[in-house]
Ligand code: 8IG
């Protein structure tokens, strides 16, 4: 039995082969990680061919946060040149759960080991950029990691110049030219920021702030996949409006934007 903590890549390979056995699909081409607020957007993809708890695959933990699913779906999507097998994770594990970095990136690694050359990472986040409004999707152009934690171990000097693939961002921009692009900063959480921290983060060039996505992007990129990151601004970051932040408004903003998000994903996914 492979162990996620001592052999994370081997465990991702095991999970990928179990996925192939469950779905009867020897490989998947594109993966989608749906963050909080995005889960209803997955319904725009139609009816999945398979749906099962993530814990059916080795290395996945049960979800701990309300609104974070812990479910895996497989879809057959009609692409321009035939059927595409899409792997969808409803919910993810976060660094703030305290289980270490390995479970956080296990879905992304499993996706790449299952054959996915493209990994789409979605999240809900706080808006630092004063031009953003709640309910607005923003394409991640780059990131700033402030957790001091990496999914990579050893002398693995991965280049991060183009983590959020220029090629894919161009395809998305073509589908919806009204989309903004921004820099996402990753903090561990689970506390939200102070207003002073948000002022600092704006000063160092961050537009969006959240508690996910960055480790998965690094892990998928390091294994050779292209990454697309899409954030949904579900609250103004601390101090921007003077209102307090709460998880319920995040879920509500996600539900309100699910239609637009789902359409965008359904349009773009088969083209990637
Ligand atoms: I949704 O304002 C969501 N996630 N760190 N700050 C951080 N994470 C978030 C926020 C936020 N909103």
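In the working numbering, the protein residues as written are 85 to 356. Positions of the beta carbon are idealized from the N, C-alpha and C atoms, including for glycine.
- Message: So, for residue 167: in the same chain, excluding its five sequence neighbours on each side, which residues have a beta-carbon less than 8 Å away from its beta-carbon?
- Response: 160, 161
- Query: What's the C-alpha gap between residue 342 and residue 312?
  - Reply: 18 Å
- Where residue 242 falls, given that 16 or more other Cβ within 10 Å makes a residue buried: exposed
- Task: Closer than 6 Å by C-beta to residue 264: which residues in its own chain qualify, once you throw out the five before and the five after it? Chain order, please.
- Result: 222
- Query: How is residue 345 classed by DSSP in three states: helix, strand or coil?
  - Reply: helix
- Task: Could you tell me whether any non-hydrogen atom of ligand 1 is closer than 8 Å to the CB of residue 326?
- Result: no
- Contact the segment 333-353 vs the segment 118-131: 3+ CB pairs below 8 Å: yes
- Could you check which residue in 96, 333, 295 has the C-alpha nearest to that of residue 190? 96
- Item | Backbone CA spacing between residue 271 and residue 111 [nearest angstrom] | 33 Å
- Message: Rounded to whole angstroms, what is the Cα-Cα separation between residue 136 and residue 155?
- Response: 6 Å
- Leaving out the 5 sequence neighbours to the left and right, which residues in its chain are closer than 8 Å to residue 234 when beta-carbon positions are compared? 185, 299, 302
- Cβ-Cβ separation, residue 269 to residue 293 (assumed contact under 8 Å), whole Å: 5 Å
- Could you tell me the boundaries of the beta strand (DSSP E) in which residue 318 lies? 310-320
- Item | Proximity of residue 175 and residue 92 at Cβ, strictly below 9 Å | no
- Where the beta strand (DSSP E) through residue 118 begins and ends: 114-118
- From this set, 132, 310, 315, which residue's C-alpha is nearest residue 216's C-alpha? 315
- Task: From the DSSP output, in three-state form, read off residue 133 for me.
- Result: coil
- Please list, in chain order, all residues of the same chain as residue 354 whose beta carbon is under 6 Å from its beta carbon, the five residues on each side excluded. 161, 163, 168
- Item | Proximity winner among 181, 131, 199, 203, relative to residue 249 (alpha-carbon distances) | 203
- Item | residue 231 in three-state terms, based on DSSP | coil
- Query: Just to confirm, are residue 317 and residue 220 a CB contact at a threshold of 9 Å?
  - Reply: yes
- Tell me whether residue 197 is buried or exposed, calling it buried when 16 or more other Cβ atoms sit within 10 Å of its Cβ. buried
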